[in-house]
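**Q** Mapped onto our numbering, the consecutive letters of the sequence shown carry residue numbers 385 to 509.
Here a beta-carbon is modelled for each residue, glycine too, at the ideal position from N, C-alpha and C.
As the structure is a prediction and not an experimental result, all values here were calculated from the model.
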Amino acid sequence: MGFRKKNKAPEIDLVAEFMKLPASDNTMFLSSPSSISDVIEKIWNEWSIGTKNSPEQVISQEWNKIVGTKLSSRCAPEKLSSNGTLYLRAANGPVKQELSFIKKKIISRISRLDGCTFVKDIKIT
Numbered sequence: 385m386g387f388r389k390k391n392k393a394p395e396i397d398l399v400a401e402f403m404k405l406p407a408s409d410n411t412m413f414l415s416s417p418s419s420i421s422d423v424i425e426k427i428w429n430e431w432s433i434g435t436k437n438s439p440e441q442v443i444s445q446e447w448n449k450i451v452g453t454k455l456s457s458r459c460a461p462e463k464l465s466s467n468g469t470l471y472l473r474a475a476n477g478p479v480k481q482e483l484s485f486i487k488k489k490i491i492s493r494i495s496r497l498d499g500c501t502f503v504k505d506i507k508i509t
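#1: Tell me which same chain residues have a C-beta within less than 6 angstroms of the C-beta of N467, skipping the five on either side of it?
#2: Does the Cβ of V399 have 16 or more other Cβ atoms within 10 Å, making it buried, or fewer, making it exposed?
#3: Have a look at N476 and I491 and give me their C-alpha separation to the nearest angstrom.
#4: What separation, rounded to the nearest whole angstrom, lies between the Cα atoms of E462 and E482?
#5: By DSSP, does R487 sit in helix, in strand, or in coil?
#6: Leaving out five residues on either side along the sequence, give the residues of the same chain with a beta carbon under 6 angstroms from the beta carbon of R473.
#7: Here's the rule: buried if 16 or more other CB atoms are within 10 angstroms of the residue's CB, otherwise exposed. What is V503?
#8: State yes or no: is the C-beta of L405 within less than 9 angstroms of the C-beta of V442?
#9: Measuring alpha carbon to alpha carbon, tell me which of P478, V451 and V479 ends up nearest K488.
#10: Assign W447 to one of two classes, buried (16 or more other C-beta atoms within 10 Å of its C-beta) or exposed (fewer than that).
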């Protein structure tokens with residue numbers, strides 16, 4: 385009877401033997417247990433979750449360039465629907481009218497932004 389080499393994780397070999405699988409030298413599963421927050425953070429970082437801005441964030445950040453500095457202080461993006469409609473809030477009637485005149489230009493500028501190509505219409509409130 386020989387000495388058996390001490391294995392770091394005998395349960396892996398036991399499962400492999402039971403399932404008629406070759407024993408593995410894979411140490412990926414040999415790490416100590418982690419907290420859920422550590423696992424979530426690791427996945428968050430590996431998948432780059434939260435690093436890319438949403439279309440709403442991109443539009444808000446670029447709003448000054450989209451409509452111009454003069455108009456940007458009197459209107460703002462309010463909501464972006466999944467069907468590609470951007471809802472804008474305007475300060476008053478003349479601003480609403482001005483926005484309606486440049487509606488196509490606004491859509492064109494927005495569609496050039498990263499992740500915003502699906503914006504097809506604007507509703508002004």
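**A** Short version:
#1: Numbered from 1 along the sequence shown, position 83 holds the residue referred to as residue 467. Closer than 6 angstroms at the Cβ level, and outside the excluded window around N467, lies no residue.
#2: What you label residue 399 is simply residue 15 of the sequence shown in a count that begins at 1. By the 10 Å Cβ count, V399 comes out exposed.
#3: Indexing the sequence shown from 1 puts residue 476 at position 92. Indexing the sequence shown from 1 puts residue 491 at position 107. Rounded to the nearest angstrom, the two C-alpha atoms are 21 angstroms apart.
#4: Along the sequence shown, read from residue 1 onward, the residue named residue 462 stands at position 78. Along the sequence shown, read from residue 1 onward, the residue named residue 482 stands at position 98. Each residue's Cα considered, the two are about 17 angstroms apart.
#5: Residue mapping note: residue 487 aligns to position 103 of the sequence shown, counting from 1. Here residue 487 is Lys; the residue named in the question, Arg, does not match the sequence. The answer is helix: DSSP assigns K487 an H, G or I state.
#6: By 1-based counting over the sequence shown, the position of residue 473 is 89. Answer for R473: A460, E462 and T509, listed in chain order.
#7: The residue given as residue 503 occupies position 119 in the sequence shown. It is buried - the Cβ of V503 has at least 16 other Cβ atoms within 10 Å.
#8: The count along the sequence shown starts at 1 and reaches residue 405 at position 21. The count along the sequence shown starts at 1 and reaches residue 442 at position 58. Contact flag unset, no.
#9: Within the sequence shown, numbered from 1, the residue matching residue 488 stands at position 104. Taking only the C-alpha atoms, the option nearest K488 is V451.
#10: For the purposes of this step, residue 447 is taken as residue 63 along the sequence shown, with counting starting at 1. Burial call: buried.
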